[in-house]
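Heads up: the structure comes next, in structure tokens.
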Ligand SMILES: C[S@@+](CC[C@H](N)C(=O)[O-])C[C@H]1O[C@@H](n2cnc3c(N)ncnc32)[C@H](O)[C@@H]1O
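Structural data, given as structure tokens:
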């Protein structure tokens, strides 16, 4: 566990409310979580026993997407909704696949940023911004110190968009970030979809949404049509909008069937 003292006085984490970054960390087998987060992760796993595998599949998708874009010459990565440091972080994958890449991590959770800063203090070419997706101009202002906005880059918004309700206009925010990127840039998204959980409501205790309803950021799954709205005006990279485990995965199908209708992935290029 990361020493609590280093969170600083104004950033002391809330031990009573499950936190989406820490639930995900618990799901991935990490150690940066508290009892309340582990309980939430256990409940989610009770409801869907494959949840920990889904979380790992999700990280693998991110790894494949970065690998594909590194091959296409991308050397700058803006990762909004970074999450707690985990098994293979964006900067590690990027530096392995494309040495010299620059990475800016953005998260609105001060504890996530504290972890990221502590872990990355010695990593050249990596910066951490405590900012919120809902304020894209502030993200752009901060990112400009590290990224050359005239050169193509990759914007990652993975595992975050379903925590931003329509009322907070995630479509507008992502659209503004994409607008600011140079042609030849890429958008990488992943999104929990309600295709298979259409009938469940946060008030239904048999739904994972009920677990998230008690967290610091309730979950708002979207249907495929709404997920595709994030990609409007962009050229969708093959294999298109698929489930996370299918996206550019050369391995034999493992969780494809199970993940269809649960977690969508897409990579798109700005022309
Ligand atoms: C489940 S984690 C995803 C981590 C990582 N991106 C991944 O896909 O594996 C979601 C992260 O998004 C962050 N987040 C949620 N809403 C946000 C917002 N409006 N602005 C910035 N970060 C946000 C949370 O603090 C959390 O760290």
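In the numbering used here, the protein residues as written are 22 to 292. Built from N, CA and C at the ideal position, the CB exists for glycine as well. Values in this document were obtained by computation on a predicted structure and should not be read as measured data.
Placement of the Cβ of residue 100 at a distance of less than 8 Å from at least one heavy atom of ligand 1 is found. Nearest in C-alpha terms to residue 211, of all of 188, 283, 157, 99, is 283. The beta-bridge partner set that DSSP reports for residue 284 consists of 213. Per the coordinates, the alpha-carbon of residue 191 lies some 15 Å from the alpha-carbon of residue 239. From the listed residues 181, 269, 37, 253, the smallest Cα separation to residue 196 is found for 253.
Taking C-beta atoms as the reference points, residue 163 and residue 185 fail to come closer than 9 Å.
At least one heavy atom of ligand 1 lies closer than 8 Å to the C-beta of residue 184. Under the three-state reduction of DSSP output, residue 103 falls in the coil class, being neither helix nor strand. Contact check for residue 124 and residue 138: beta-carbon distance about 13 Å, past the 8 Å limit, so the pair fails to qualify. In this structure, the C-beta of residue 155 approaches ligand 1 to less than 8 Å from one of its heavy atoms. By the CB criterion at 9 Å, residue 232 and residue 83 fall outside the cutoff. For a cut-off of 8 Å, the C-beta gap from residue 227 to residue 68 is around 7 Å, short enough to register as a contact.
Distance from residue 46 to residue 103 at the Cβ level is roughly 12 Å; contact not present, criterion being Cβ atoms closer than 8 Å.
Using a C-beta cut-off of 8 Å, the stretch 52-64 makes no contact with the stretch 111-121, since fewer than three inter-stretch Cβ pairs fall below that distance. 151 is the residue among 214, 72, 151 whose C-alpha sits nearest the C-alpha of residue 132. Here residue 113 is not near residue 174, since their CB atoms are 9 Å or more apart. At the C-beta level, residue 194 and residue 168 stay beyond 9 Å of one another. By the neighbour-count criterion, in which a residue is buried when 16 or more other Cβ atoms sit within 10 angstroms of its Cβ, residue 292 is exposed. For residue 74, the uninterrupted alpha helix (DSSP H) run begins and ends at 72-92, by DSSP.
In the displayed model, residue 98 falls within a strand according to three-state DSSP.
The C-beta distance from residue 257 to residue 287 rounds to 6 Å, short enough to fall under 8 Å. Listed in chain order, the non-local C-beta contacts of residue 140 below 6 Å within the same chain comprise 106, local neighbours out to five positions each way being set aside. Distance from the Cα of residue 261 is smallest, within the candidate group 249, 146, 275, for 249. Annotation: the continuous alpha helix (DSSP H) that includes residue 66 extends over 56-68.
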